[in-house]
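Report on the following structure.
Number of protein chains: 2
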Amino acid sequence: MYRTHNCGELRISEVDKDIVLAGWVQTIRKFGSITFIDLRDRYGITQLLFGEELTATLDSNPLGREFVLQVKGKVAERSNKNKNIPTGDIEVLVDSFTILNKSAVPPFTIQDDTDGGDDLRMKYRYLDLRRNAVKKNLELRYAVGRSTRNYLHEQGFMDIETPFLIKSTPEGARDFVVPSRMNEGQFYALPQSPQTFKQLLMVSGYDRYYQIVKCFRDEDLRADRQPEFTQIDCEMSFVEQEDVLSMFEGLVKRIFKDVKNIDYNEQVQRMTWEDAMWHYGNDKPDIRFCMKLANLKFPHYVFPAKQGDSGTIAGTDFKVFNDAETVLAIAVPGAAEYSRKQLDELTEWVKRPQIGMMGMVNIRYNADGSLKSSVDKFFTEDKLRQIANVAEAKAGDLILILAGREERTRKAMSELRLEMGRRLGLRKDDEFKLLWVLDFPLFEYNEENNRWVARHHPFTSPKPSDIETMISNDPAIADPEKYLEHPYANIKANAYDMVLNGNEIGGGSIRIYQKELQSKMFDALGMSREEANEKFGFLLGAFEYGAPPHGGIAFGFDRLCAILGGSESIRDFIAFPKNNSGRDVMIDAPASIDSKQLDELRLSLK
Amino acid sequence: MYRTHNCGELRISEVDKDIVLAGWVQTIRKFGSITFIDLRDRYGITQLLFGEELTATLDSNPLGREFVLQVKGKVAERSNKNKNIPTGDIEVLVDSFTILNKSAVPPFTIQDDTDGGDDLRMKYRYLDLRRNAVKKNLELRYAVGRSTRNYLHEQGFMDIETPFLIKSTPEGARDFVVPSRMNEGQFYALPQSPQTFKQLLMVSGYDRYYQIVKCFRDEDLRADRQPEFTQIDCEMSFVEQEDVLSMFEGLVKRIFKDVKNIDYNEQVQRMTWEDAMWHYGNDKPDIRFCMKLANLKFPHYVFPAKQGDSGTIAGTDFKVFNDAETVLAIAVPGAAEYSRKQLDELTEWVKRPQIGMMGMVNIRYNADGSLKSSVDKFFTEDKLRQIANVAEAKAGDLILILAGREERTRKAMSELRLEMGRRLGLRKDDEFKLLWVLDFPLFEYNEENNRWVARHHPFTSPKPSDIETMISNDPAIADPEKYLEHPYANIKANAYDMVLNGNEIGGGSIRIYQKELQSKMFDALGMSREEANEKFGFLLGAFEYGAPPHGGIAFGFDRLCAILGGSESIRDFIAFPKNNSGRDVMIDAPASIDSKQLDELRLSLK
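For the protein sequence lines, the chains are A and B, in the order given.
Start counting at 1 in the first sequence, then tack on 398, and there's your number in this note's numbering.
Start counting at 1 in the second sequence, then tack on 398, and there's your number in this note's numbering.
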């Protein structure tokens, strides 16, 4: 037996017991003729005391950091207690020890503040994983998974595995493909999600399905994307949107409770997609703080913006605003006293290529109630006050205004809002605000092909009130200029996204379950009957044999864990992540394969 | 809201309540002017009663099997109770109904005894999955998974996900490969198991890891293999074999309790690999029944058999036995009265090509104590009695004897033993017998390359007492004829298989954790240092930084479920299995991909 206890469990109640421990050498401190060693394992750290004789042994048999050590000894009360660790009241008086394995000097320190850079830590990921910070992340991930499984089990969901070797359906993101040796010249694809299979399970009557499952997307990787990622994938039968929302609010609240010990008792807020875009400039608003976007050009809710000029700035003579498609303002609380230098820096910030604005106008709403703007000459104080009112500014606030093309300006203002929220400390890692975003458009217009594309995926149902519109209208767009006037432009999806602290953590929809409507959807997306049958014939077939109404959701498990762990990076929450080129630098994959393998697959490299 | 209750939960206590149900039409029975419909969902079946008026409505709006129906009505006590189903005390008096979806006539009946053949049921798997038999299998699978997770959680194991896109290491079975678009000309491989990653997690100090995880093997498929299959994959640190055995006996006993409500209180039996081969003729004996193999040529334990002739048949003159490498007997209880015809049929059975014997000798040990053999002229009654003793036969038994080449004969006798066990009803689906098979040889001899191959995998540790033998001897085999005399031939592995009712359900080992020993293993397997570094450099690297002693096990989840469900076929326990050609005939995968995809991957078909 290698150990009687682990390194995290000995307490004062075990004093005088003979015990055996095994673990890694964290630190070695020699004081005169005795030696203290901190022994570490997954469960904690225990202090070992090597007396004179053993310390002499150590001189000829030196230990180093990360050596694997087994010690036999007796538990003793410490004179100098360490209140910071659970084992801090005791130490182990070592009788004998065995070096189970040696360790070379690690390429970086195994500590919370490691001196290892990203590349080095990825190459030696097995050492990086020893660090407490990373271990805590994986423990949190496990806790989130376990909480999820428990909740869904109690709610009658069944974990059912769906296949990984499926069929390529090149829609949206690229599939990874897998050449088949037994079926010459043919390929499997790795699933981007188990979407069609979970729908088939509903057709099969499984009623409530879930899976925590790997999915694959061969996309060019951005900073925080991984070619393989994990979803909490769920589907339910005989449900309407409201049933799904309430079930999965319940899931996330349960995770909060189990993992963070947070009672999220408040009602989860809801917002239409239009409101989100109008008030926050994006479809996943961070509602931990207000600072809503005010539209100075359109007084009423019009989205997307149309030409017009009847808003707050009507009748003024500032060409930059008058020529702009959109003029947006936010009121930054308590920032009226920003220095010239601070304002210049902010202006530079919005002029960065990632944001891409030409400049920024500001209005100080001073503590004394006076208003002062960088473009005073174009605006009367009365007009400035009107703007301040529309932006819901109070005395002491700083109003920031951006103007330009609708899409870019809205995006820029959304970014600026988030940046100001961050600078003002309004986006706290330990505060969690959930939000449902609802009523997304079902279709987006694709200019290149002058046709509709599915905003979510082709299985998303229109809102019940829009089904008739969809069925009774021809999807063809006669005049590309006027696509917004096509009835399809206003069809809303029976879809929902769950947003947590400004991140989309989950999304789903009520699905189409009627064969005719599904066929109409494929039509709308420009898919021929033949193509639809080749790709999704099995689903259309299934819809002929009594498909129930159903809907579901998928959560991005990696991101959910990252946010709960207070991190922006999903990579920190994946045991063996890939880098931005899709490489695992530790195992050095992908790699060449030998020509024999290629021959067997009847493939050659171009 | 689509329903207030599901189809399995209404009881007599709900009588007079207004309820809403939704589900599938299982049966329609019209009695005069009223109609009974059985409505089915995952949870059960509820009887609906359509009165005169609604029955008339049905005439003009006919329902069919598998229609999706929503009904509103009132719960009533049934006059004619059905004790076979939990809802059998009540029925629902329907007030109104809505057809949620129609159904075409299914291509086979959705019943336990379906009229659908294998091919049809695979093509319409979403309908096959509706059948109660299949549903029960998937429910059992979910229960086994849940039981596993609960037990392992309580034992301190963490579920940690390992990557699916890894590196090809062509050892043993073939990898599925995945071309990388971003890393031109390079390929990922899908894991055959997370072996090296779970070992790295031990090096990282995670102490107890598990995963229920898909694995992939591009093998030519036999009847009961799938290209993608699921493992319960586990690893522990600071353990010896005994720790692993006791932990995972615990797991399987827990599954028995949770899933089958069986208290498996007896000690799990253990057997060395040599004993298993000697007494049962294979390394996964079905110990639900005895009928051990008796060796008539070698009185003592010698395995593999060597030339010699000192056994029970010594001094006899039957050339077939004397020329054979091996002569094996079993005593079939109570079969002495088999007819000539039955014996002929058995002889034909062993002569089938799958078994491949030339013939079979039998001895009847009659109820009166006399002995009668098909080869009486070569054996005295005294000799027959000696044989009967060695075979542990009693009066009334039938002794069956096979003779021939060692390997084939042993295999044939093993098959014959299983067949007789089956015919005699000694292999009961609802009786479960666990067995650990231990002390496997570490190496097997590969004739073709005159070198050693790993019987399990190259990370399996030799038994502690054999480590010195392994390190101090040169693996090279000077004389192929005498490979059995090489010290490596006798090295035993620190490996264990768990056998349930004659099926290997799990296997594992204590791993090598010392860099030198691992390198020696790669040497022994004929892998150059360069090759070893290219393939497993990360693992050898990890072993330099303080690898702890560790070991683990992996259970075949599909097979475990099948056996617990009393089935031979794993396919019945997989929601969407592939056929023997590795095809999913429902979605028609694998399939061709378009040339654009191939171009992006820089691949061409030969």
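A virtual CB, placed ideally from N, CA and C, is assigned to each residue, including glycine.
Keep in mind that this is a model prediction, so the values were computed, not measured.
Find out if the Cβ-Cβ distance for the pair Cys-959(A), Phe-971(A) is shorter than 9 angstroms.
yes
Looking at Glu-559(A) and Thr-628(B), is the spacing between their C-beta atoms short of 9 angstroms?
yes
Which chain A residues sit within Cβ distance under 7 angstroms of Tyr-604(B)?
Arg-440
Answer yes or no: does any C-beta atom of chain B fall closer than 9 angstroms to that of Gln-995(A)?
yes
Applying the criterion that 16 or more other CB atoms from any shown protein chain within 10 Å of the CB defines a buried residue, is Pro-946(B) buried or exposed?
buried
CA-CA distance, Gly-713(A) and Val-788(A)?
16 angstroms
Could you tell me the distance, in whole angstroms, from the CA atom of Ala-801(A) to the CA atom of Arg-750(A)?
15 angstroms
From the beta carbon of Thr-867(B), is the nearest beta carbon of chain A less than 9 angstroms away?
No - not a single Cβ of chain A is within 9 angstroms of the one on Thr-867(B).
Take the Cβ of Gln-667(B) as the centre, count every other Cβ of all protein chains shown within 10 Å, and call the residue buried at 16 or more, exposed below.
Counting Cβ neighbours within 10 Å, Gln-667(B) comes out exposed, since fewer than 16 surround it.
What beta strand (DSSP E) runs, 3 residues minimum, are completely inside the stretch 687–751 of chain B?
724–730
Does any CB atom of chain B fall closer than 9 angstroms to the CB of Tyr-549(A)?
no
Please identify, using Cβ separations under 9 angstroms, the residues of the stretch 967–996 of chain B that lie next to chain A, in order along the chain.
Taking 9 angstroms as the Cβ-Cβ cut-off against chain A, the residues of the stretch 967–996 of chain B that qualify are Ile-972, Ala-973, Phe-974, Pro-975, Lys-976, Ser-979, Gly-980, Arg-981, Asp-982, Met-984, Ile-985, Asp-986, Ala-987, Pro-988, Ala-989, Ser-990, Ile-991, Asp-992, Lys-994, Gln-995, Leu-996.
For Met-556(B), return the contacting residues in chain A, with the cut-off set at a CB-CB distance below 8 angstroms.
Leu-536, Glu-537, Tyr-540
How far does the alpha helix (DSSP H) with Asn-931(B) in it extend, from its first residue to its last?
927–940
Does Leu-957(B) get closer than 9 angstroms to chain A when you measure Cβ to Cβ?
According to the sequence provided, residue 957(B) is Arg. The question's Leu does not apply to it. No - not a single Cβ of chain A is within 9 angstroms of the one on Arg-957(B).
Rounded to a whole number of angstroms, what is the C-alpha to C-alpha distance between Thr-807(A) and Asn-764(A)?
26 angstroms
What residue range is occupied by the uninterrupted beta strand (DSSP E) comprising Met-896(B)?
893–898
What are the uninterrupted segments assigned as beta strand (DSSP E) that are 3 or more residues long and contained completely in the stretch 495–577 of chain B, given in chain order?
If we require 3 residues or more, the beta strand (DSSP E) runs fully inside the stretch 495–577 of chain B come out as 575–577.
Roughly how many angstroms separate the alpha carbons of Leu-437(A) and Ser-578(B), rounded to a whole number?
43 angstroms
Does any residue of chain B have a CB that is nearer than 9 angstroms to the CB of Asp-1005(A)?
No answer is possible for residue 1005(A): the residues shown for chain A start at 399 and end at 1004.
Tell me the rounded alpha-carbon separation between Val-503(A) and Gly-515(A).
Looking at the two C-alpha atoms, the distance is approximately 16 angstroms.
So, is Met-758(B) buried or exposed, given that buried needs 16 or more other C-beta atoms within 10 angstroms?
Met-758(B) should be labelled buried.
Does the Cβ-Cβ distance between Gln-609(B) and Asp-631(B) come in under 9 angstroms?
yes
Taking only beta-carbon positions, decide if Phe-585(A) is within less than 9 angstroms of chain B.
yes
Taking just the CA atoms, how far does Ile-961(A) sit from Gly-732(A)?
If I take the Cα positions, the gap works out to 28 angstroms.
Please name the residue in Gln-784(A), Arg-519(A), Val-725(A), Asn-848(A) whose C-alpha comes closest to that of Trp-676(A).
Val-725(A)
Give a yes or no on whether the C-beta atoms belonging to Asn-760(A) and Leu-798(A) are separated by under 9 angstroms.
yes
For Phe-562(A), which residues in the same chain have their Cβ closer than 7 angstroms to its Cβ, ignoring the five residues on either side in sequence?
The beta carbon of Phe-562(A) sits closer than 7 angstroms to the beta carbons of Leu-588, Pro-589 from its chain, once the five residues preceding and following it are set aside; these are given in chain order.
At 8 angstroms on the CB atoms, spell out the chain A contacts of Arg-579(B), in chain order.
Arg-572, Asp-616
For Glu-672(B), which three-state DSSP category applies?
Looking at Glu-672(B) - three-state DSSP - the assignment turns out to be helix.
Between Tyr-911(B) and chain A, is the shortest Cβ-Cβ distance under 9 angstroms, so that the two count as touching?
yes
Have a look at Glu-846(A), Glu-866(A), Ile-903(A) and flag the residue whose alpha-carbon is nearest the alpha-carbon of Asp-875(A).
One detail in the question is off: residue 875(A) reads as Ile in this sequence, not Asp. Cα-wise, what sits closest to Ile-875(A) is Glu-846(A).
Quick one: give me the first and last residue of the beta strand (DSSP E) that Ser-907(A) is part of.
901–908
In this structure, what does DSSP give as the bridge partners for Ser-1002(A)?
Ser-1002(B)
Contained alpha helix (DSSP H) runs [length at least 4] in the stretch 827–894 of chain A, N- to C-terminal order
865–870
Would Asn-847(B) count as contacting chain A if we go by Cβ distances under 9 angstroms?
no
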